[in-house]
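See structure below.
In this note's numbering, the protein residues as written are 45 to 184.
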C-alpha cells in the first residue's frame, strides 16, 4: 500500500463528500450559502440593484437600500462571512470617509446563477405556494 501525501488525502476525501451525511463538511457549507440574506446579497451583487444587470461592485449603503428589511448588523455579518468564504471581495478606497465596495469573486460568480434562480422561482411561485398553504391549513 503506497503512502499518500496530504494533498492526495484531501483530494480523495473530496470525492467522497455527500451532503446527506451529517458529518460531511459540505453540509455545513450548504447550510451557510442557503441562508436568506446570503442568497439575497449574492443575487444583488450578481445582478446590480435592479437585479437585471451584470455583476458589479456595490457599496454597503447601496446593498442596504436594495435589501429592504436587513439590519445593519446582519448585513455586516453576512458580508464578512461571504468575504471569509471567498465568495465576495471587499475593496476600500482611500477617500474621506473611506469608500468600501463589495463584489463577487470567481467563486461567488459560480454560485450566483443558482441563488438568483432560487430568488426568481420564489417570486414567480409565491402566490401558488400561498394558495397551497391555505388549502392545506383549511383541510386540517
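Heads up, the beta-carbon is just placed ideally off N, CA and C, and yes, glycines get one too. Keep in mind it's a predicted model, so treat the numbers as computed, not measured.
Under DSSP, the beta strand (DSSP E) around residue i begins and ends at which residues?
i, result
"residue 140", "Counting along the chain, residue 140 falls outside any beta strand (DSSP E), and DSSP gives it neither H nor E."
Return the Cβ separation of residue i and residue j in integer angstroms, given the expectation that the two are a contact with Cβ distance under 8 Å.
i, j, result
"residue 86", "residue 159", "5 Å"
Beta-carbon within less than 7 Å of residue i's beta-carbon, same chain only, minus the 5 sequence neighbours each way: which residues are those?
i, result
"residue 180", "none"
"residue 149", "130, 131, 132, 133"
Just how far apart, CA to CA, sit residue i and residue j?
i, j, result
"residue 167", "residue 66", "31 Å"
"residue 136", "residue 123", "14 Å"
"residue 104", "residue 69", "30 Å"
"residue 102", "residue 178", "39 Å"
"residue 84", "residue 111", "7 Å"
"residue 106", "residue 114", "12 Å"
"residue 141", "residue 109", "19 Å"
"residue 117", "residue 46", "51 Å"
"residue 170", "residue 62", "30 Å"
"residue 52", "residue 161", "35 Å"
"residue 183", "residue 176", "11 Å"
"residue 172", "residue 79", "22 Å"
"residue 74", "residue 157", "15 Å"
"residue 60", "residue 50", "16 Å"
Ends of the alpha helix (DSSP H) at residue i?
i, result
"residue 100", "Looking at the DSSP string, residue 100 is not in any alpha helix (DSSP H), and its letter there is neither H nor E."
"residue 174", "150 to 183"
"residue 125", "116 to 129"
"residue 74", "69 to 77"
"residue 86", "80 to 91"
Cutting at 8 Å between CB atoms, please list the residues of its own chain near residue i, excluding the five before and the five after it.
i, result
"residue 196", "An answer regarding residue 196 cannot be provided, because it is not within the stretch 45 to 184 covered by the chain."
"residue 153", "90, 99"
"residue 56", "48"
"residue 147", "89, 99, 100, 101, 102, 132, 133, 135"
Just to confirm my understanding: we take residue i, look at its own chain, exclude 5 residues before and 5 after, and list those with CB closer than 6 Å. What are they?
i, result
"residue 120", "none"
"residue 127", "134"
"residue 71", "63"
Compute every distance between the C-beta of residue i and the non-hydrogen atoms of the ligand MN, then say whether any falls below 8 Å.
i, result
"residue 110", "Of ligands this structure carries none, so the ligand MN is not represented either."
(message) Does the structure place the stretch 118 to 132 close enough to the stretch 162 to 176 that three or more beta carbon pairs sit under 8 Å?
(response) The stretch 162 to 176, when compared against the stretch 118 to 132, does not touch it at the 8 Å Cβ threshold.
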